[in-house]
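Quick note, the sequences are listed as chains A, B, C, D, E, F, G and H, same order. Sequential numbering of the first sequence, starting at 6, is according to my numbering. Sequential numbering of the second sequence, starting at 6, is according to my numbering. Sequential numbering of the third sequence, starting at 6, is according to my numbering. Sequential numbering of the fourth sequence, starting at 6, is according to my numbering. Sequential numbering of the fifth sequence, starting at 6, is according to my numbering. Sequential numbering of the sixth sequence, starting at 6, is according to my numbering. Sequential numbering of the seventh sequence, starting at 6, is according to my numbering. Sequential numbering of the eighth sequence, starting at 6, is according to my numbering.
Number of protein chains: 8
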Amino acid sequence: MTDLYSRISKNDAAVLLIDHQTGLISGLVRDYGVDEFKNNVLALAKTAKFFNLPVILTTSFESGPNGPLIRELVELFPDAPKIARPGQINAWDNEEFVKAIQATGKKQLIIAGVVTDVCVSFPALSALHAGYEAFVVTDASGTFSKQVAEASLMRMAHAGAQLMNWFSVACELQRDWRNDVEGFGALLAGHLPGYQNVIESYQAQNELVK
Amino acid sequence: MTDLYSRISKNDAAVLLIDHQTGLISGLVRDYGVDEFKNNVLALAKTAKFFNLPVILTTSFESGPNGPLIRELVELFPDAPKIARPGQINAWDNEEFVKAIQATGKKQLIIAGVVTDVCVSFPALSALHAGYEAFVVTDASGTFSKQVAEASLMRMAHAGAQLMNWFSVACELQRDWRNDVEGFGALLAGHLPGYQNVIESYQAQNELVK
Amino acid sequence: MTDLYSRISKNDAAVLLIDHQTGLISGLVRDYGVDEFKNNVLALAKTAKFFNLPVILTTSFESGPNGPLIRELVELFPDAPKIARPGQINAWDNEEFVKAIQATGKKQLIIAGVVTDVCVSFPALSALHAGYEAFVVTDASGTFSKQVAEASLMRMAHAGAQLMNWFSVACELQRDWRNDVEGFGALLAGHLPGYQNVIESYQAQNELVK
Amino acid sequence: MTDLYSRISKNDAAVLLIDHQTGLISGLVRDYGVDEFKNNVLALAKTAKFFNLPVILTTSFESGPNGPLIRELVELFPDAPKIARPGQINAWDNEEFVKAIQATGKKQLIIAGVVTDVCVSFPALSALHAGYEAFVVTDASGTFSKQVAEASLMRMAHAGAQLMNWFSVACELQRDWRNDVEGFGALLAGHLPGYQNVIESYQAQNELVK
Amino acid sequence: MTDLYSRISKNDAAVLLIDHQTGLISGLVRDYGVDEFKNNVLALAKTAKFFNLPVILTTSFESGPNGPLIRELVELFPDAPKIARPGQINAWDNEEFVKAIQATGKKQLIIAGVVTDVCVSFPALSALHAGYEAFVVTDASGTFSKQVAEASLMRMAHAGAQLMNWFSVACELQRDWRNDVEGFGALLAGHLPGYQNVIESYQAQNELVK
Amino acid sequence: MTDLYSRISKNDAAVLLIDHQTGLISGLVRDYGVDEFKNNVLALAKTAKFFNLPVILTTSFESGPNGPLIRELVELFPDAPKIARPGQINAWDNEEFVKAIQATGKKQLIIAGVVTDVCVSFPALSALHAGYEAFVVTDASGTFSKQVAEASLMRMAHAGAQLMNWFSVACELQRDWRNDVEGFGALLAGHLPGYQNVIESYQAQNELVK
Amino acid sequence: MTDLYSRISKNDAAVLLIDHQTGLISGLVRDYGVDEFKNNVLALAKTAKFFNLPVILTTSFESGPNGPLIRELVELFPDAPKIARPGQINAWDNEEFVKAIQATGKKQLIIAGVVTDVCVSFPALSALHAGYEAFVVTDASGTFSKQVAEASLMRMAHAGAQLMNWFSVACELQRDWRNDVEGFGALLAGHLPGYQNVIESYQAQNELVK
Amino acid sequence: MTDLYSRISKNDAAVLLIDHQTGLISGLVRDYGVDEFKNNVLALAKTAKFFNLPVILTTSFESGPNGPLIRELVELFPDAPKIARPGQINAWDNEEFVKAIQATGKKQLIIAGVVTDVCVSFPALSALHAGYEAFVVTDASGTFSKQVAEASLMRMAHAGAQLMNWFSVACELQRDWRNDVEGFGALLAGHLPGYQNVIESYQAQNELVK
């Protein structure tokens with residue numbers, strides 16, 4: 006039974022960022038606010054960076070209207086495989102993409118993309134079929150409406166995918182704050198303005214006391 | 006286990022459009038905006054047309070207040086079986102309907118209709134029971150409220166139905182853009198105004214460069 | 006596997022209406038509009054009446070602040086067992102209640118009540134445990150918020166309950182309009198103002214033509 | 006300044022019910038739930054009946070797709086002027102309609118209709134222009150969306166219309182419960198299920214005490 | 006022009022709490038969550054208490070289904086005039102109520118009640134008409150729906166009422182924290198759980214430093 | 006007082022369509038669904054066409070990322086002035102634009118655009134200032150969020166703009182169905198799927214009777 | 006199969022309250038209103054107290070920005086183990102925490118915390134893995150958004166957790182009102198203002214009758 | 006009449022940022038998403054910086070639980086007056102604050118703050134009273150709920166305030182893109198992820214063409 010608690014481990018996990026392209030996001034994603042979605046995607050990316058996870062980027066028709074990957078993703082992962090798929094909609098149908106995954110030697114796949122019901126759902130289901138564990142990052146994946154997202158997530162959950170969000174992915178990888186309190190705190194604060202407010206209140210009070 | 010990723014294939018799939026009748030839609034459907042719902046239904050229909058899938062239309066009491074099928078569906082599929090059920094609520098109870106399905110020789114049934122909790126849910130559950138695969142097109146199916154829709158989708162998911170939306174159906178059938186870039190692009194653009202905007206920006210820029 | 010399509014049959018079904026009391030509804034139910042909820046409860050009750058299903062009414066502390074059953078339910082079912090539970094929260098813990106169910110000889114239980122997460126959920130889970138089929142009528146059951154309702158429905162679905170709504174219950178029992186077109190039409194029209202509008206448009210046009 | 010508190014008086018008020026036709030309601034009204042809207046319209050109508058206010062009914066193209074007035078309105082006011090407008094969209098452009106208003110001798114016009122932004126807004130603005138007071142019954146008037154309704158109400162408020170709802174109209178006409186406690190209570194209870202629940206709790210407790 | 010900034014002053018203001026009765030709240034108020042509404046009403050009451058403003062309580066038919074005032078209001082203001090209106094819907098029509106207001110000698114009336122569109126709106130408009138300033142406390146007033154509330158607030162704003170909420174009333178009366186930092190802080194913290202959290206974080210940190 | 010009912014007249018009105026550009030719509034508009042917004046804009050455009058109103062198109066930086074006007078607008082009005090503003094944000098600051106308005110000789114300006122709070126609001130306020138009447142078509146204008154839209158509409162209403170929607174504009178121009186029943190019916194049906202459903206039900210029934 | 010109805014028993018259950026800290030709540034919780042959430046957490050805590058269940062409190066970095074436990078929890082359970090985790094994010098990774106659970110000898114764990122997707126989800130999944138039953142109290146657990154909460158609840162439901170709310174936990178533990186009518190009634194009334202209203206109406210009427 | 010279109014001018018405007026403190030934001034602001042609100046506040050601040058407008062910062066009890074100004078505001082305006090009010094709630098009651106405004110010599114005040122109904126509303130009304138023009142930046146001001154925000158905005162609009170948002174403020178100040186295309190584009194792109202996507206699509210296409 007795939008649903009049991011399988012922890013994501015720094016040593017077993019790779020991250021697949023699929024089709025976070027400017028044209029697709031501006032044209033299709035409507036289930037999250039624009040500020041919130043951009044923040045979630047970058048937060049997931051920086052989480053991957055923070056834990057030095059292997060990252061695989063892929064795009065669909067990036068020289069056409071779908072547009073390039075959002076700039077920050079490209080800049081964050083200059084050395085990551087970046088597979089420009091010539092036509093396959095399901096990234097798993099692209100041999101190069103699957104080989105890149107195999108090359109990481111990891112069996113836990115953390116997956117996010119645009120749009121949820123296609124670019125995330127298809128490879129997540131393929132990955133499960135191929136024996137991988139699939140951790141779908143729901144809030145770094147976007148689509149046409151909340152109704153479409155919900156149906157798609159329910160489908161993946163029934164197929165054995167683990168539904169997560171960027172924050173729970175980060176926390177699961179971190180395991181223990183003591184592994185790097187400052188680094189992990191900075192990662193969270195940089196993408197959780199509410200948490201940043203709490204931290205700044207705390208720091209200001211510390212300053213006063215001195 | 007029916008939940009594993011069973012891809013829809015052009016060769017194995019038939020489309021069932023059930024009771025998309027004018028009276029039922031105007032009187033009962035309230036979980037989608039009127040523009041959005043009309044668009045979704047037509048998009049699914051044109052997807053079926055684009056891939057030359059066998060389509061079966063059926064209606065309930067079309068000479069009464071339930072009204073006729075929305076005109077565009079009739080016009081799109083002049084040669085499709087159009088089964089006016091004399092009384093059966095679950096289309097699967099109509100022998101002619103089941104025979105029409107059997108005549109297609111397909112085992113993957115893509116199903117949409119009005120209302121979700123009856124006209125879609127009953128035949129989808131019957132189809133699963135009869136050994137077919139059921140791909141429910143959630144956003145081309147409408148009902149009284151989001152609460153009713155959600156309960157109905159959850160019921161079908163637990164029974165083994167695959168929850169999809171017209172866009173994911175189209176993408177799964179297409180598999181690879183290269184099978185027909187222009188045709189597939191036109192299909193999507195015609196029913197995704199957000200995507201059409203992105204395409205027009207792209208085309209205008211191309212014009213400028215020339 | 007309980008999730009497969011088990012049709013409700015007129016011959017195998019009984020209806021349990023649990024704690025639709027005036028004090029509980031006005032004090033606790035907030036996941037449906039007041040007009041909508043009252044209508045849904047009465048629609049389910051009239052459906053039971055229309056199909057002559059055995060109905061069992063039960064209340065919790067009806068002489069205290071929880072108040073009496075809403076008047077229309079009492080009037081609709083003058084001969085139904087009406088079990089005033091002296092204290093048991095889960096109606097299934099009341100021997101008289103379970104005996105009344107057993108006395109019907111039915112194995113399919115159609116269940117609605119207030120509040121969903123307790124008065125519906127507890128006996129539904131007990132019924133499943135005891136080997137009955139449980140058809141939960143989600144829109145004739147109310148509770149504190151949509152969030153509470155959703156969690157409760159998800160819990161019941163995972164335990165094998167069939168999530169339905171009053172309209173799908175009515176349609177499943179009717180099976181075929183021809184069993185009684187006029188009676189069934191009147192049942193629906195009386196509780197679906199949107200459908201009534203469509204019917205009145207149709208009838209007016211018929212009048213004009215004469 | 007028209008905005009100051011001008012009370013509706015039983016002696017000075019007439020009610021205009023404009024285009025509450027079955028086709029228009031089922032085809033166009035989406036800013037209220039179907040149960041809620043039907044209830045609001047009937048509640049306003051019965052309020053007018055209860056206070057013996059002159060009522061004027063009017064329709065647009067009732068022999069075409071717009072359909073007839075909802076049946077209950079016709080039955081409630083068998084002797085009211087019912088003006089079938091041959092084409093004028095703004096009812097105020099129909100001479101017969103304006104004459105019917107003048108014939109009442111009233112200067113306070115309570116107005117509701119479908120759709121808010123046209124069939125209510127146009128005659129309300131015309132009435133204000135002609136020196137009448139306009140009391141728009143917002144919840145017995147429906148239109149395409151909450152956004153359209155809100156813009157339309159803001160427009161009318163700025164032009165001097167008084168925004169009310171059926172309950173506040175009823176209460177303003179009643180002035181004092183003692184004018185007819187039982188009758189007024191029955192009017193409210195019949196259209197406020199939440200209030201009916203509270204009343205039934207109270208009555209049941211009274212019964213118990215006896 | 007009534008709209009200009011007229012500050013509420015401790016010396017010029019009286020508070021009118023109208024029909025916050027248990028039956029009316031449970032049966033009719035649906036535009037605020039139950040926790041939120043109860044909290045807002047009590048917060049306004051405690052604000053009045055904190056500033057020693059004269060308070061006038063009034064009820065409609067409190068010995069019938071409308072029920073008593075919520076207990077806390079009665080307990081907070083044992084010496085306030087509590088006018089049980091024998092039938093008048095608009096409290097301003099009750100001579101005793103108006104005399105009680107006149108007896109306070111205040112010209113700024115802070116008004117809240119149930120329901121907004123009647124029990125608040127009618128006396129607020131009457132008060133404006135009689136030359137008082139009306140400060141409507143929108144979030145301590147409840148009614149059937151957000152749509153009804155919004156229309157009613159727009160009506161009152163156009164008639165010259167000042168739309169406020171309990172927090173802005175408290176802050177306007179306080180003027181300066183230094184008038185009583187501890188007392189005012191306790192008032193706010195007791196009814197703003199979000200603010201209480203921030204305060205507790207602060208206090209805990211202070212403890213640690215010691 | 007500009008707020009009184011000033012009817013739009015076919016003879017006095019011109020239409021300003023401002024910055025309905027593909028990049029701006031896909032990148033910025035989030036207060037309407039994509040299907041709904043596209044439909045509303047085209048419906049307004051076809052209304053202008055149907056009544057032969059002078060139309061003025063204008064764009065901001067159309068050769069940059071803002072993109073071209075949506076294609077259908079260009080095709081509908083091949084002979085309309087299309088003013089590509091070289092930099093002015095408020096179209097009224099562009100002399101050519103104001104001259105084009107003056108050239109129409111009209112004093113009633115029907116205005117829609119993207120985004121509401123800038124491209125609509127600025128010229129609408131300028132037009133009012135310059136002595137024109139401004140009819141803002143709220144549902145053919147889009148912006149970042151409902152909160153931004155609402156604040157912007159409130160601002161314009163207070164400055165004297167008339168808040169309308171495409172349907173009320175069309176109805177006000179038409180005045181009487183008899184001016185062209187078929188043409189006007191086709192205009193509405195083409196952009197109101199709900200109304201189209203009602204019409205198709207009606208027509209189907211007419212066919213049956215023959 | 007863990008999903009079958011396993012009743013919570015007073016004798017078999019322990020309560021885990023995880024990270025209900027002031028900084029985390031104010032900074033991160035946005036899926037419930039502040040009044041509602043505070044009320045839900047305290048209601049669950051008082052339920053545990055009422056039934057004398059063993060309670061285990063735990064915090065994460067309580068001397069930093071996460072802040073202390075909300076004061077009322079500390080005061081309610083002066084003798085409960087309160088485990089200040091030095092760094093472990095999943096409380097189950099803290100040996101002291103697991104030992105405290107083992108020390109209770111209970112196998113049914115009632116779990117709530119902040120945030121749902123991490124502080125609740127991780128230990129709930131761990132507990133299931135370790136052979137415990139996990140009853141997640143959804144409305145006493147909060148997180149970033151309804152979307153994150155929903156995905157997290159779906160994940161836990163698929164892993165076998167029972168989704169409950171504080172009210173259903175209380176009712177399941179109580180089993181029968183007669184075990185302590187007054188005490189249980191006071192528990193509910195203190196945290197359900199809607200129920201308190203109904204009770205006060207009832208009591209006032211009883212007073213009147215005397 | 007203050008409502009007419011009074012353009013904000015670079016030469017006449019000053020910006021008041023009131024109480025954007027970490028404790029207040031995390032504890033009280035709930036009408037905007039956390040990402041969205043942080044972004045809006047910073048966008049307004051950078052707009053002020055871009056146009057070199059005089060900025061006045063002020064705080065309430067910043068050494069207590071209200072916390073410091075969010076760090077970025079302090080860093081952006083190292084030389085701005087930063088008035089730590091010792092107790093006055095309405096900043097206008099602080100002499101130093103008013104003098105700082107007078108020292109700018111500007112008569113157009115662009116105002117934002119936390120919370121809208123107090124820290125923004127009070128000084129905005131005071132400023133209008135004192136003869137200034139008040140431009141309230143609605144989306145860079147936050148408060149307890151959308152209902153509270155809406156009532157507060159309606160109050161300010163009726164008193165003559167201009168309701169704007171950060172984007173419309175920026176555009177009004179810029180007047181013409183040609184004043185600084187690159188700078189203004191960077192300002193917008195940095196705070197409008199949707200616009201940034203459109204720009205990146207455009208730039209990528211330009212790169213390809215080269």
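Don't be surprised by glycine CBs; every beta carbon is placed ideally from N, CA and C.
Neighbourhood of tyrosine 207 of chain E in chain A, by CB distance below 7 Å: Gln210, in chain order. Leucine 213 of chain A and glutamine 26 of chain H have their C-alpha atoms spaced approximately 16 Å apart. Per DSSP, the beta-bridge partners of phenylalanine 140 of chain F are F:Ile115, F:Gln167. Glycine 32 of chain E and threonine 121 of chain A have their C-alpha atoms spaced approximately 42 Å apart. Neighbours of phenylalanine 66 of chain C across chain G, judged by C-beta separation under 7 Å: Trp182.
When DSSP reads this structure, threonine 64 of chain C sits in a beta bridge with C:Ala89. Listed along the chain, the chain H residues whose CB falls inside 9 Å of the CB of arginine 35 of chain G are Arg35, Gly38, Val39. In the structure shown, the three-state DSSP call for glycine 147 of chain G is strand. Residue nearest to glycine 28 of chain F within the set H:Phe189, H:Glu205, H:Leu114 is H:Glu205 (criterion: CA-CA distance). Listed in chain order, the alpha helix (DSSP H) elements of length 4 or more contained wholly in the segment 14-63 of chain D are 27-33, 39-55. The shortest CA-to-CA distance from glutamine 210 of chain B to any of F:Ala108, F:Leu178, F:Glu67, F:Lys111 is the one to F:Glu67. Cβ neighbours of lysine 54 of chain D within its own chain (closer than 7 Å, five residues either side excluded): Leu81. At the C-beta level, phenylalanine 149 of chain B and arginine 76 of chain B stay beyond 8 Å of one another. Fewer than three Cβ pairs drawn from the segment 129-147 of chain B and the segment 91-101 of chain A lie within less than 8 Å of each other, which leaves the two stretches out of contact.
The alpha-carbon separation between tyrosine 37 of chain G and glycine 147 of chain G amounts to approximately 7 Å.
Linking glycine 118 of chain D to leucine 58 of chain G through their CA atoms gives a straight-line distance of about 58 Å.
For the pair alanine 156 of chain F and leucine 168 of chain H, the CB atoms are nearer than the 8 Å cut-off. If you draw a straight line from the Cα of phenylalanine 127 of chain F to the Cα of cysteine 176 of chain F, it is about 26 Å long. For lysine 151 of chain A and glutamate 101 of chain C, the gap between their C-alpha atoms comes out near 45 Å. Per the coordinates, the alpha-carbon of glycine 190 of chain D lies some 18 Å from the alpha-carbon of valine 46 of chain D. Valine 214 of chain C has a beta carbon lying within less than 8 Å of a beta carbon in chain F. About 4 Å separates the beta carbons of isoleucine 88 of chain E and threonine 63 of chain E, which is inside the 8 Å limit, making them a contact pair. For chain F, the residues of the segment 51-84 of chain B that bring a beta carbon within less than 8 Å of one of its beta carbons are Glu67, Ser68, Pro70, Gly72, Pro73, Ile75, Arg76, in chain order. Taking a Cβ-Cβ cut-off of 7 Å, the neighbours of glycine 199 of chain A in chain H comprise Ser31, Val39, given in sequence order.
Nearest to alanine 139 of chain A by alpha-carbon distance, out of A:Val153, A:Ala154, A:Leu158, is A:Leu158.
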